[in-house]
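Peer 1: Position in the sequence shown (first residue = 1) + 13 = my numbering.
Beta carbons are placed, not taken as given, at the ideal position from N, Cα and C, and that holds for glycine.
Structure provided below as structure tokens; questions to follow.
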Amino acid sequence: MSPAIRASSILPGRREDIELHTADGLRLVGELATPADRDPVATLVCLHPLPTHGGMMDSHVFRKAAWRLPALADLAVLRFNTRGTTSVRGTSEGTFDAGEAERFDVAAAIEYAEFAELPDIWLLGWSFGTDLTLRHGCDPGIVGAILLSPPLRTTTEDDLARWAESGRPLTALVPEFDDYLRPDEARRRFAAVPQAEVVGVPGAKHLWVGDAETVLDEVVRRVNPAVSLPLPTVWDGPMETGDASAYADRTVAAFADQPTPGATPGGGPADPG
């Protein structure tokens, strides 16, 4: 019997540490994962959750995307820490700016993907990263965007109008029990973008604990529709195991309205599964 793909499973791929350089002079740390023995057919640029409450490039859905999707879906996965954010990869220069100066971070990631000639660039934002996507990511260099748990906290009607005018595909995956924006309200808010697709995910919550596989299936469905779904849950081939202990002292309360006592900005949540 083939071994199961678990939260810590790392499937074959080429993974390299990268640096992004912003227009305002900062160095951001990140990683690019691509298929091991072929070119990718599309690219995910991941914009992580709120760093002051634990979000980082290693937030569990993004880590699983980088560890699985190059092998399972022929995708390139670029993830990085926005300014002032820390993960095992390191700390990006600069200071958290509540989504304002982070526009330079988004631009730097898109520019890196373009310079590297990565194909069909999609933005994949989660929570705070969805506001970055909607505010700063409607760029000629991208194909479209997928939003995980969008709170629409700082996104304006003008931002939504810009997406509507662009015509670029926009999909929002909205947990049934989200803490900030639930499916019915999300459909009302995103009605301003005619091409927007709002997908309510039954039983899911903001952190996607236990639902990462559902998220990855829905992402692949849009980014590489040639792939058969659901994605495999077993792997008959080389497979490494990642070190989940690096996240053992982090908290899944990362998206609460108040920082966890004792947590430092840029600290990350535990792997919730």
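Taking the alpha-carbon positions, what's the ASP37 to PHE128 distance?
Peer 2: When rounded, the distance between both Cα atoms is 18 Å.
Peer 1: Taking one C-beta from the segment 110-127 and one from the segment 141-159 each time, how about it: are there three or more such pairs within less than 8 Å?
Peer 2: As far as the Cβ criterion goes, the segment 110-127 touches the segment 141-159, which means the pair count is three or higher.
Peer 1: The beta strand (DSSP E) that contains ILE326, what's its start and end?
Peer 2: Given a span of 14 to 286 for the chain in the structure shown, any question on residue 326 remains unanswerable.
Peer 1: So, helix, strand or coil for ALA17, using DSSP?
Peer 2: ALA17: strand per DSSP, three-state reduction.
Peer 1: Select from ASP172, LEU91, GLU44, ARG81 the residue whose C-alpha is nearest the C-alpha of LEU57.
Peer 2: The shortest Cα separation from LEU57 among ASP172, LEU91, GLU44, ARG81 belongs to LEU91.
Peer 1: If we require 4 or more residues per run, which alpha helix (DSSP H) segments fall completely within the segment 210-259?
Peer 2: For the segment 210-259, whole alpha helix (DSSP H) runs of length 4 or above, ordered along the chain, are 225-236.
Peer 1: How many angstroms separate the CA atom of ALA89 from the CA atom of VAL232?
Peer 2: Each residue's Cα considered, the two are about 13 Å apart.
Peer 1: Given a cut-off of 9 Å, decide if PHE141 and PRO64 are closer than it, judged by their beta-carbon atoms.
Peer 2: The answer is yes: Cβ separation under 9 Å.
Peer 1: For a test of the three-state rule: what should DSSP assign to THR167, helix, strand or coil?
Peer 2: Three-state result, THR167: coil.
Peer 1: Using C-beta distances below 6 Å, list every residue in its chain close to ARG195, excluding the 5 sequence neighbours before and after it, in chain order.
Peer 2: Taken in chain order, the list of residues that qualify is empty.
Peer 1: In this structure, how does DSSP classify PHE93 when only helix, strand and coil are distinguished?
Peer 2: Of the three classes helix, strand and coil, the one that applies to PHE93 here is strand, per DSSP.
Peer 1: For THR264, is the classification buried or exposed, using 16 other Cβ atoms within 10 angstroms of its Cβ as the cut-off for buried?
Peer 2: For THR264, the predicted model reports a pLDDT of 39, less than 50, meaning its position is unreliable and no value from the coordinates is stated.
Peer 1: May I ask you to verify whether the segment 43-60 touches the segment 81-88, counting CB pairs closer than 8 Å and requiring at least 3?
Peer 2: The segment 43-60 vs the segment 81-88: in contact.
Peer 1: With DSSP collapsed to three states, give me the class of HIS34.
Peer 2: If DSSP states are grouped into helix, strand and coil, HIS34 belongs with the strands.
Peer 1: Looking at GLY250 and ILE23, is the spacing between their C-beta atoms short of 9 Å?
Peer 2: The answer is no: Cβ separation not under 9 Å.
Peer 1: What residues match up with ILE123 in a beta bridge as DSSP calls it?
Peer 2: The partner list for ILE123 (beta bridge, DSSP) is empty, contrary to what the question assumes.
Peer 1: Once you ignore the five residues that flank ALA205 on each side, which residues in its own chain have a CB closer than 7 Å to its CB?
Peer 2: For ALA205, where only same-chain residues beyond five positions count, the Cβ hits under 7 Å are GLU170, LEU173, ALA174, ALA177.
Peer 1: How would you label MET14, buried or exposed, when you count the other beta carbons within 10 angstroms and need 16 or more for buried?
Peer 2: Exposed, by the Cβ-count rule.
Peer 1: In three-state DSSP terms, what is PRO64?
Peer 2: PRO64 falls in the helix class under three-state DSSP.
Peer 1: How close, in whole Å, do the beta carbons of LEU220 and ASP230 come, if the pair is a contact with beta carbons under 8 Å?
Peer 2: Their Cβ separation, rounded to whole angstroms, is 18 Å, which puts LEU220 and ASP230 out of contact at 8 Å.
Peer 1: Reducing DSSP to helix, strand and coil, say where THR184 ends up.
Peer 2: Strand at THR184.
Peer 1: On the premise that GLU44 lies in contact with ARG27, defined as a C-beta separation below 8 Å, what is that separation, rounded to the nearest angstrom?
Peer 2: In fact, because the Cβ distance is near 11 Å, the residues do not count as touching under 8 Å.
Peer 1: Counting along the chain, where does the alpha helix (DSSP H) carrying ALA79 start and finish?
Peer 2: Taken as a continuous stretch (DSSP letters only), the alpha helix (DSSP H) holding ALA79 covers 73-86.
Peer 1: Beta-carbon within less than 6 Å of CYS151's beta-carbon, same chain only, minus the 5 sequence neighbours each way: which residues are those?
Peer 2: The residues are ARG175, TRP176, SER179.
Peer 1: Quick check on this structure: which residue in VAL212, ALA126, VAL222, TRP248 has the alpha carbon closest to the alpha carbon of ARG234?
Peer 2: Of the candidates VAL212, ALA126, VAL222, TRP248, the one whose C-alpha sits nearest the C-alpha of ARG234 is VAL212.
Peer 1: Do you know offhand how far GLU198's Cα is from GLY157's?
Peer 2: Roughly 22 Å separates the two Cα atoms.
Peer 1: Of all the options GLY154, PHE190, ASP110, which has the alpha carbon lying nearest to the alpha carbon of PRO163?
Peer 2: Minimum Cα distance to PRO163 is reached at PHE190.
Peer 1: Provide the residue span of the alpha helix (DSSP H) that contains ALA199, from first to last.
Peer 2: Segment 196-203, the alpha helix (DSSP H) holding ALA199.
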